[in-house]
Amino acid sequence: MGTVITVDVRDPDLPARAVNAAVAWFHEVDATFSTYREASEISRLSRGELRESECSADVREVLGLCAEVTRRSGGCFDIHLGGGLDPSGLVKGWSVQRAAEMLQGSGARNFFIGAGGDVVTRGRPAGEQRWRVGIRHPELGDRVAAVLEAGDLAVATSGAYERGEHIVDPRTGRAPVGLLSMTVAGPSLTYADAFATAAFVMGEEGLAWVAGIDGYHALAITADRRMVWTPGMEMLLLRATSPPG
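All the letters of the sequence shown, read from the start, carry residue numbers 38 to 282 under the numbering used here.
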């Protein structure tokens, strides 16, 4: 998947095999969806060696979800760019969400899974504490721009520091302008990941778009280094710092 995966489970009685199964799942996702592996299912589909009807249920599910987000975003999310097929703007969040469901199915109640800028939290790390999710500074990689407090939450960030160099505005064919980063929080990382990519493409208008989706909230850092967020995000914000001008 081209990123570091962190799994932090705080349930002492959870069998090790549950975490091992989640790790194995991520390897399976990479083998199936990596655009850098010539033999991956998604690469073969992109080259026309497979028809969608011949693909696995996971690939068909992801393609269906991508089509849904493309429609909901008015085309600001598009996996068909440059003549190829690249669903990575949704796959990472989808795979982490699935891993979280696997852990919950094995009895885990308190855990954190992170993959780059994408995070799922469940329960609490200890006692009455809540999970704290840092939003990395888009220009200063060793600093955080904001911290969210989370219980059961999914958080995804799109921007130049994660995969912004690969994000293209489908409407112009060029890199988006207007934002340094866009963070989306909500109940499902599958959607939060794709919504963050689409909203990043939209620019500041993406805030209003996310705010119109039930249960989802957004925080953006603009190109002129302002930090702006939707009303719902304020409930999650523990700390926010102004990026340097």
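Beta carbons: idealized from backbone N, C-alpha and C, even for Gly.
Selection Asp48, Arg54, Leu118, Ala277 evaluated against Ile172 yields Ala277 as nearest (Cα-Cα). In this model, Ile204 and Ala212 are separated by some 6 angstroms (Cα to Cα).
Runs of the beta strand (DSSP E) lying entirely within the segment 185-220, each at least 3 residues long, are 190-196 in chain order. Contact between the segment 123-135 and the segment 253-261 is not established, with fewer than three Cβ pairs separated by less than 8 angstroms.
Per DSSP, reduced to three states, the secondary structure at Thr267 is coil, with no helix or strand assignment. Residue pairing of Ala277 in beta bridges, as defined by DSSP: Ala183. Look at Arg169 here: in three-state DSSP terms it is strand.
Leaving aside the five residues that flank Ile42 on each side, the residues in its chain whose CB is nearer than 6 angstroms to its CB run, in chain order, Phe63, Ala152. If you ignore the 5 residues before and after Ser71, its C-beta comes within less than 6 angstroms of the C-beta of Ser77, all in its own chain and listed in chain order. Between Pro207 and Phe114, the CB-CB gap stays under 9 angstroms.
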